Amino acid sequence: MEEKTYNNHTMKDFKSNQEVRWCPGCGNHAVLNAVQKALAQMNIPRENYVFVSGIGCSSRFPYYINTYGFHGIHGRAAAIATGVKTANPKLSVWNITGDGDALAIGGNHFIHAIRRNVDINIILFNNEIYGLTKGQYSPTSVRGLVTKTSPFGTVEEPFSVGDLVIGAKGKFFARTIDTMVTLSTDIYVEAERHRGTSVVEVLQNCVIFNEGVHDDVAGRDVRADHTIVLKHGKPMIFGKENDKGLILDGLKIRVVRLGEDNITEKDLLVHDATEPNPGIHYMLSNMKYPDYPVALGVIRSVEGRTYDAGVEEQIADIQKKSRIKCMDDLLMSGSTWKIK
Amino acid sequence: MEEKTYNNHTMKDFKSNQEVRWCPGCGNHAVLNAVQKALAQMNIPRENYVFVSGIGCSSRFPYYINTYGFHGIHGRAAAIATGVKTANPKLSVWNITGDGDALAIGGNHFIHAIRRNVDINIILFNNEIYGLTKGQYSPTSVRGLVTKTSPFGTVEEPFSVGDLVIGAKGKFFARTIDTMVTLSTDIYVEAERHRGTSVVEVLQNCVIFNEGVHDDVAGRDVRADHTIVLKHGKPMIFGKENDKGLILDGLKIRVVRLGEDNITEKDLLVHDATEPNPGIHYMLSNMKYPDYPVALGVIRSVEGRTYDAGVEEQIADIQKKSRIKCMDDLLMSGSTWKIK
Amino acid sequence: MTRNSKVIKREDVVIRFSGDSGDGMQLTGTLFSDTVALSGNDMATFPDYPAEIRAPQGTVGGVSGFQVHLGHSEIQTPGDYADVLVAMNPAAIKANVCWVKPGGTIIYDKDNFTEKNITKAGYLKDPVAEEKLETYNIIPAPISSMVREALKNFGLDAKSVLRTKNMFALGMVYWLFDRKLKYTERYFDQKFSDRPEISEANKVALRKGFYYAETIQALNPVIRIEPAAIEPGTYRNICGNTATAWGFLAAAEKAGLKLFIGSYPITPATGILEELALRKDLGVISIQAEDEISGICSALGASFAGRLAVTSTSGPGMALKSEAIGLAVMAELPVVIVDVQRGGPSTGLPTKTEQADLMQALYGRHGESPLVVIAAGSPGDCFHFAFEAARIALEHMTPVILLSDSLLANGSEPWKIPSMSELPEIKPPYADKKKIPFLPYERDDKTSVRYWAIPGTPLLEHRIGGLEKTIKGTVSYIPENHEDMVKKRDAKIAEVANSIPGIEVIGKYTGDLLITGWGSSGPYLRAAANELQAEGYEVSFAQFNYINPLPKNVSKVFSRFKKIAVGELNLGQFADFLKIKHPGFSYNSINKVKGMPFTIKEIKESCIKILEGK
Amino acid sequence: MTRNSKVIKREDVVIRFSGDSGDGMQLTGTLFSDTVALSGNDMATFPDYPAEIRAPQGTVGGVSGFQVHLGHSEIQTPGDYADVLVAMNPAAIKANVCWVKPGGTIIYDKDNFTEKNITKAGYLKDPVAEEKLETYNIIPAPISSMVREALKNFGLDAKSVLRTKNMFALGMVYWLFDRKLKYTERYFDQKFSDRPEISEANKVALRKGFYYAETIQALNPVIRIEPAAIEPGTYRNICGNTATAWGFLAAAEKAGLKLFIGSYPITPATGILEELALRKDLGVISIQAEDEISGICSALGASFAGRLAVTSTSGPGMALKSEAIGLAVMAELPVVIVDVQRGGPSTGLPTKTEQADLMQALYGRHGESPLVVIAAGSPGDCFHFAFEAARIALEHMTPVILLSDSLLANGSEPWKIPSMSELPEIKPPYADKKKIPFLPYERDDKTSVRYWAIPGTPLLEHRIGGLEKTIKGTVSYIPENHEDMVKKRDAKIAEVANSIPGIEVIGKYTGDLLITGWGSSGPYLRAAANELQAEGYEVSFAQFNYINPLPKNVSKVFSRFKKIAVGELNLGQFADFLKIKHPGFSYNSINKVKGMPFTIKEIKESCIKILEGK
Ligand SMILES: Cc1ncc(C[n+]2csc(CCOP(=O)(O)OP(=O)(O)O)c2C)c(N)n1
Ligand SMILES: Cc1ncc(C[n+]2csc(CCOP(=O)(O)OP(=O)(O)O)c2C)c(N)n1
Ligand code: SF4
Ligand code: SF4
Ligand SMILES: [Mg+2]
Ligand SMILES: [Mg+2]
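Chains as they are written, first to last, in our numbering: chain A, 1 to 340; chain B, 1001 to 1340; chain C, 2001 to 2614; chain D, 3001 to 3614.
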């Protein structure tokens, strides 16, 4: 690319000229903000970013970000993004989706993108509700939730995003909270750096249809005590006073207080995001309040071969070996005969 | 039901009048046999069995079994079965499917049926190939497999059925080998008894397009040493000579020899299929030859609320409470006015 | 509340409430129409709102509207132009002023005409001047400050106080049209029985609005619309989605079957699923499926299991259901698929109305896969045609597509409540338990309908599926068998024509022009026909609700008119279908694809052009 | 190998190989047709096999067939009836004897006529008597025992030995038609270069068959078909799926774009994906998607990313793609969707042919969503129309549906290899990099085509999607904008008519009857027209390959004939489409829905009836 590119981007470069149409107070605004920050931090020319989304409040995202964008159809963003990335591995491809979009109608493309390990970044806005269609339950809604389509409460278990990602052979999973912009920004940068499918679950607040759903963990006053921000290579400490930690007890994780029972920092689990065996990541991503703090940060980040690179390498490899270099070669290959 | 029913069934009662059209030598024949045996063992009237399938060689199954049967469309059997069971929880509903049918096109319905815990029995014929369409790779094909659509080898990781089931909140997962008819029969009976979605993975041989794919574990000569049949409450012993076992070593499972390093049966892991925390089941279902024996039998069987019962109970509950008992009540409820 | 101003009577009147998405205009409109209906007027409504939950405040894109047309005589449509516009902000003026009748009344919240809002709405400075509002009867009311004042001692936060603005406006409208407040007050009592302060605040705002209008003598004289001369009976207000849901409930009761719905939410169809999810008291089994494919597949499973099964969606979901609808055709299972149409193609205009899914309903499947297509014509109509769709599905063992649309789904009208005893019994063709072996594709000689054997019935075990089969249910690739089955499935659908009514001509039996149309355009076309008749034109109207098969008298009726016009909200799909089925006639299309219903005016103009041969 | 029996010449001849699914009949037929083609005959083939991988051995349901029609002059179809039938078992006789010409030759493996096989085939005792085979030239050859004998010293297991039976039979047929063995021998040398014993065994069986036929003087005289007088050039044998794949490759090269295919396997379309997966040497990016929706969605992603994107499927997969095709219409992205039609509805007859997806292709989407539909007419034709589909998609920024079918996909014919230099350049309407800001829905005035801006290009960043938009790409619910965009999308497709050729009349310019049809029925209709012309009827033929938009000269051509017949393998879908687009004519349908192509005979009979006004 010879043309001038904006490599020293600022956030402003990523603001589109479209009016942002989310409800005032919606968690999505903060996510947009964090993503714009992250994009500006990375040394990728703006024209190489592609944002693909499905349908939902969250999926309007591409309109608000001044990159290439494709607002697709409900649930299919992962498939579209797979096409974009495999067609041109040079692009930085982002898949914006909601809990309904990714996990209800789009569940299949979601797990297959992860299995193939296509090098895309999936940001899943989990508000545990269908926002755009005005408040029906989603596959992440807590059992018993009363919504327009479950007037007497749901009778089904929700998915845990992390479980499903790991069950589908996922190699990168992170979790953040909409309003934690700094943490989120860092995570988006890490997600982009990771080669392979990166899934970031954002606990997002829908002020209209599921107000306060994440308050137990996301509330500013309780957050420090009800969450733990995992950092690779660091001991698992949390709490307002940094006084709590996690240890391994047989096959289970246990919350401990530093100082009690002679427990010191050294006894705590040290976070290893790169461990290929998913057992511990499974347990970490599964921690639920009130028994545990909810894990934030990059929970799992394991290297692996990516699909798009695999496809590209195979083509390069065959092209080296094959005697067929152009269409005329192919047309004349194999059994042919001449009529004069 | 007042009519005469055949409660003392024999296998023959479950043979349909249709010619079985699978290739001679196909593993499906043995599965049919085992299922017919299992049905005959259970005290369920024949007319209450419903077999639902998708499309694939395996999905022709319902034609060959003399029960109610619905040969659906590709990938949708889990959705159809969910409808059958929720519409009439009295029926014993079986979902017959292949690795392509359940995990490629049907992946979404598969994980959602499992998440909801609909009380159906899913038998997944895993031959790691698309049989009916003549040999393309499937989502369970091993990386690098050369097939008609991957002439230079695949470049993607396969799903593990067990991982995906557990990742989708699965409560029952078992594995068997097509030709192990006795083990299979027992598993099918257990699957039916389990309340909730039961997934049984059958390692099935496709003699035409993937001959011998499971030979490393399913071969008659190696089977005893390369597999372990898990039994709830029993120590994890295996091997032709019953001389090998599994122990827990930190967060990992390890294969040991009885007698060596003073290890006795008592040191071995005891299988607990009912443990709700899926960590250990995840590890067990993930064991791969040659590092480990492949786990057979019922790996996970955890009680939980089922979707169909939940729906039924909620209806019964509301019907007790509501003053609306029939359409006329509803029509006249709320704001109405009279014109004379 | 006694009134103390002059009152005149009018035949009909159109009111449009409009404001920001957050201003509660949909609720205001609904409460107003409930009051209107309960006081015995005929009425039709048209809700019109943006696709965003809260589109940017203050902008034209964020304006939400609700139009009510009420009258002393029969009301067919929500009306073209408004007599009264309520505009909560400048954007609402911008979006709607072109829909106000010359000299009409415009009430607006002048407190909201701040510089910021004026700019946001796209005005330079002064909407009143820019729009030349002086030519209307404008009522600039300080609504925001008045409710703030009225509720200052309620201890409510500022946001909650301002949320009652719509009730103040509604109170004003009640005064203009001489209406009682009691129905609306009752609503608040019930809705907020656990939060009496909120209930009271809304009631106070409502009353203050009413008094304010009286104080300023907002309209002089006040308008009264006498109750309509309506067929005796018990009535209720009903919107199309509820009527559709209830039609299925009625059919289930009449067939003695449990009702099953498997659906995935989508605007504007979700209301059907929501209504049925509420009806657990009537034993409804409702599944919110993971997607539309699962919605119909679970319905097919339920149908196989012996339930009355339905699935509801809109265009994009219909597309997804195509393959499974084909399976239903092949398996010959009863199932109703409701398509509540919206603006397309693709995601299109999700909250706007359109009738452009007709071809998809008719032909959107591979292979020769005929099925029944019917369309409802008004919100209340949805009850009848949902019932009919279920009846035909069950009695003819076929999928039936029921077409509704955004306009019907959310629009409402007073509806005469039927008694269940008036409705016909529904009798599915159950398999004879004695006739063994059961042959799944044996058919009734006359109707070509196969029999229904339900799991749980001993000795009727059988297998069905998507592969071509013989009468015995054996998979068969025999050429003659396939052709025979293709033709039998076709004949089965064609035969349905024998159990449906012919089209009815409204107006003279014969004439210069027959105006036809289908579904929700019907009332508009009919109203236009009525006006044209009144103006002396020789035109009549005929409505199509049964689309495939078409009623049997079509060509007889068509041949009695010199010209035929087909009006629809698409580029001419029904006209194309008529060309296929009745190629002997030529059709003049009247089309509109603007996400909005026809206006009577534009239909009349088109008809006159057609009559004049232009 | 020299020949030593009498030889006569014939114009054309039809041979049908048939046997159990496991007997290798498809390979036998393919090798035979390769030899035929390489020796310069014109030819057409028709493979016909069951949906099961190995349907029950010995039964009629398990019979697999491959018919070859070769000739000295132009061959249009695989032929109605066979001169020679090769039947490897009794079931093959049962299934095929009705397709043998009176007095034709039937070769069968008499070793396989065991009691068990005879019963399995549904005969009582003696097929020869029951079918009155004496009236044919029957050649009961002990094929199984002869190969057993011939290969006894090869050290092969019994199964492998018997697997060469088909080559013995093929050897016999080569003798009958005076053919060389070398092409087939060469195939085995290459195929089994690493297993020379297998190669040798097959070659021995082939030769033994040849000698055996000579020894028994199986046919007297032997038949020779002289090479056809074919246009000079280099030829190859090609089947429709390969030709389709290659057409796309050629288009990609001519457009200077990488080719991308995202597909999900389905019979009979899989061959396209398989062929393109092989073409990594030409840089093809192929994704075997998790389902058809993902297939087209990944293609749309690739198209957005600037590739030539295609997706291939059959009817059920088309149904699933409907929603995403609608998105392609709205996003105005180039993409080709290939529908290789098979017997429907639903799973139907998956390995049989049919043309019943036409309406789905035209109308199977919600909303007003017009696109281009074209259909190939013969296996070799698929190359040209795949190229055309890609050209139109790229140059007109639209989804294009390319219709093929089972008959074309697996059928093959000699095909004159084009040189790439003969093919036109393809020039997509790339956005001007200097014109900033880029407006995604700005259009070329004449063609209504929007411009293509590709990710990676600085300063052309933009957003597209399924919601209705203004020219700037801003989401818009403005009524007038929507109607305008609906009409522009429609006009864009209509405009394609200006870049396609008119229909061509084969035969006289005017006459009593114009026989028309589309896609793979064309050659059959044309052959029937030729025969009728030869018999003195005033009939002509015109083939449709461009379906939407239709060529511009249609009504001009139609008006020159007294009657119009439309022949197609469905219940009349193209005739219905013509009624919509050219309502001024009346159409006589010739239909067949048997999972099989027309026979020339039945077309002629129908045409004569039409001509006689019956
Ligand atoms: C095929 C299809 N089905 C259904 C819909 C309706 N629909 C739009 S968004 C949505 C759910 C959105 O939920 P989520 O993905 O959680 O997004 P949110 O609005 O909560 O951000 C649904 C059901 C659609 N647009 N298309
Ligand atoms: C919608 C649709 N897509 C594709 C197909 C073609 N198809 C039939 S079976 C099959 C895969 C079968 O694989 P699997 O489920 O593993 O079954 P197996 O034949 O191996 O038992 C495919 C792709 C179809 N019938 N329908
Ligand atoms: S409805 Fe909820 S998710 Fe959607 S924009 Fe509003 S607050 Fe956000
Ligand atoms: S192709 Fe494979 S899976 Fe299918 S019937 Fe034959 S052996 Fe079995
Ligand atoms: Mg959501
Ligand atoms: Mg398989």
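Quick reminder that beta carbons are idealized off the backbone N, C-alpha and C, glycines included.
Note that this is a predicted model, so its numbers are computed, not measured.
- In chain order, 2017, 2107 and 2169 place their CB closer than 6 Å to the CB of residue 2086 of chain C, counting only its own chain and leaving out the 5 sequence neighbours on each side.
- A check of alpha carbon separations from residue 2285 of chain C across C/2534, C/2248 and C/2488 identifies C/2248 as the nearest.
- The region 2421–2432 of chain C makes no contact with the region 1009–1022 of chain B; the number of CB pairs closer than 8 Å stays below 3.
- Inclusion of residue 2524 of chain C and residue 2572 of chain C in the CB contact set at 9 Å is not warranted, their separation being larger than that value.
- Within 7 Å of the CB of residue 3203 of chain D, no CB atom of chain C is found; the nearest one sits about 35 Å away.
- About 16 Å separates the beta carbon of residue 2557 of chain C from that of residue 2575 of chain C, a gap too long to meet the 8 Å contact definition.
- Residue environment: residue 321 of chain A is assigned as exposed (fewer than 16 neighbouring CB atoms within 10 Å of its CB, all protein chains considered).
- DSSP assignment within the region 1209–1237 of chain B yields the following whole beta strand (DSSP E) runs of 3 residues or more, N-terminal first: 1227–1230.
- If you ignore the 5 residues before and after residue 2134 of chain C, its C-beta comes within less than 8 Å of the C-beta of 2128, all in its own chain and listed in chain order.
- When the Cα atoms are used, residue 3511 of chain D and residue 3083 of chain D turn out to be separated by approximately 34 Å.
- Bounds of the beta strand (DSSP E) holding residue 1068 of chain B are 1068–1071.
- Within the region 3135–3207 of chain D, the runs of beta strand (DSSP E) that reach at least 3 residues and sit entirely inside it are, in chain order, 3137–3141.
- Contact between residue 2233 of chain C and residue 2262 of chain C is ruled out by a C-beta separation of about 34 Å, above the 8 Å threshold.
- Residue range 2561–2568 is occupied by the beta strand (DSSP E) that includes residue 2567 of chain C.
- By DSSP's assignment, residue 3374 of chain D forms a beta bridge with D/3402 and D/3546.
- Contact note: residue 3274 of chain D reaches chain B through 1148 and 1149, using a C-beta cutoff of 7 Å and chain order.
- In the structure shown, the three-state DSSP call for residue 1300 of chain B is strand.
- Annotation for residue 3236 of chain D: the continuous beta strand (DSSP E) segment containing it runs 3233–3239.
- Taking 9 Å as the cut-off, the Cβ atoms of residue 257 of chain A and residue 248 of chain A do not count as close.
- DSSP places residue 2318 of chain C inside the alpha helix (DSSP H), whose first and last residues are 2315–2331.
- Ordered along the chain, residues surrounding ligand 3 are A/22, A/23, A/26, A/57, A/131, A/206, A/207, A/208 and C/2053 [Cβ under 5 Å from any heavy atom].
- Counting only the Cα atoms, residue 98 of chain A lies some 8 Å from residue 57 of chain A.
- Around the beta carbon of residue 2338 of chain C, a 10 Å sphere encloses 16 or more other beta carbons of the protein chains shown; the residue is thus reported as buried.
- In the DSSP assignment, residue 3044 of chain D falls within the unbroken beta strand (DSSP E) covering 3042–3048.
- Not flagged as an interface residue toward chain A: residue 2405 of chain C, since no C-beta distance is shorter than 9 Å.
- Closer than 8 Å to some heavy atom of ligand 4: that describes the Cβ of residue 1028 of chain B.
- In chain order, 1073 make up the part of chain B whose C-beta sits under 8 Å from the C-beta of residue 3346 of chain D.
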